[in-house]
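In the numbering used here, the protein residues as written are 5 to 246.
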Amino acid sequence: MSDGPLTGIRGILFDLDGTLLDHRRAADAGITAWLADRFPGHPRLGEAAAIWAGLEGPYLAMWQAGRCSVQEQRRLRLAGLCAELAVPVPDDVDAAYADFAGRYRRHWTAFPDVARAVAGLGGYRLGVLTNGSQRMQEAKVRAIGLAGRVGPVLTGETLGGHFKPSPACYTGAAAALGLRPREVLLVGDDVDKDVTGPAVTGMRSVWLDRPGATPPEHRDAATGFPRITSLAELADLLDGAA
Ligand SMILES: [Mg+2]
5 MSDGPLTGIR GILFDLDGTL LDHRRAADAG ITAWLADRFP GHPRLGEAAA IWAGLEGPYL
65 AMWQAGRCSV QEQRRLRLAG LCAELAVPVP DDVDAAYADF AGRYRRHWTA FPDVARAVAG
125 LGGYRLGVLT NGSQRMQEAK VRAIGLAGRV GPVLTGETLG GHFKPSPACY TGAAAALGLR
185 PREVLLVGDD VDKDVTGPAV TGMRSVWLDR PGATPPEHRD AATGFPRITS LAELADLLDG
245 AA
């Protein structure tokens, strides 16, 4: 928990997946339904969500590093899942991914603490800073009813190809809010990308450690940073002077 209010904060950037939107729940449900429909009775159905989650980071990183397109990383990820589950890769991988994506979308929901927390931050410049694709992340913000309420949706695609935890990503996001990094607080669930990453630019951060969501090995790196377990605790960290 925090030792006291953070002073001089005029803007707040929220991470999206795992912070505002329950991405894991939606992705788990989406891929499980996808596999169950295509391969009924698959013996590893119960493992599909964990396998899919494990493939996410490495393939997204390939796209963020410019080594493939966003669509290519989707194809590769789906092929990786099929290989792991020993099922044939669909002939039309793009259509198969679109089938998953539709199921994923249907499960997009905001965490229950989001609406109230955002409503209480009227004096601050708000924004979303996320590593996903611009189009999909904007669709998510609309789907959970936050369009126009949380400011611009900033991604690596709008920040010159700089993704979290690149320092240029944070300085660019602060500039997009018309602020200096020191005047901005980043709130997010990923220790590297949302907590320790922005510190080198002077941007402040709060680790949103939703219960059970963070692997224990990631916790040490967040020592010394403010930590909350719900967005309901965010207002108590701020001095309200924005
Ligand atoms: Mg996140």
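Ideal placement from N, C-alpha and C gives every residue a C-beta, glycine not left out. Values in this document were obtained by computation on a predicted structure and should not be read as measured data.
query: Could you check if D243 belongs to the surroundings of ligand 1, using beta carbon to heavy atom distance under 6 Å?; result: no
query: Within this structure, are the beta carbons of Y63 and Q77 separated by less than 7 Å?; result: yes
query: Decide if G106 is buried, meaning its Cβ has at least 16 other Cβ atoms within 10 Å, or exposed.; result: exposed
query: So, at 6 Å on beta carbons, what are the nonlocal neighbours of T227 in its own chain, with the 5 sequence-adjacent residues on each side left out?; result: none
query: When the distance is taken between beta carbons, is G176 closer than 7 Å to L190?; result: no
query: Who's in the neighbourhood of ligand 3, going by beta-carbon under 6 Å from any heavy atom, listed in chain order?; result: This structure lacks ligand 3; the ligands present are ligand 1.
query: Between the Cα of A33 and the Cα atoms of M140, L49, E221, which residue gives the shortest distance?; result: L49
query: Which of helix, strand or coil does DSSP assign to G106?; result: helix
query: Excluding the 5 residues preceding and the 5 following V154 in the sequence, name in chain order all residues of the same chain whose CB lies nearer than 8 Å to its CB.; result: F18, L24, V122, L130, G131, V132, V145
query: Buried or exposed: which applies to T205, given that a residue is buried once 16 or more other Cβ atoms fall within 10 Å of its Cβ?; result: buried
query: Going straight from the alpha carbon of G45 to that of A172, what length do you get?; result: 47 Å
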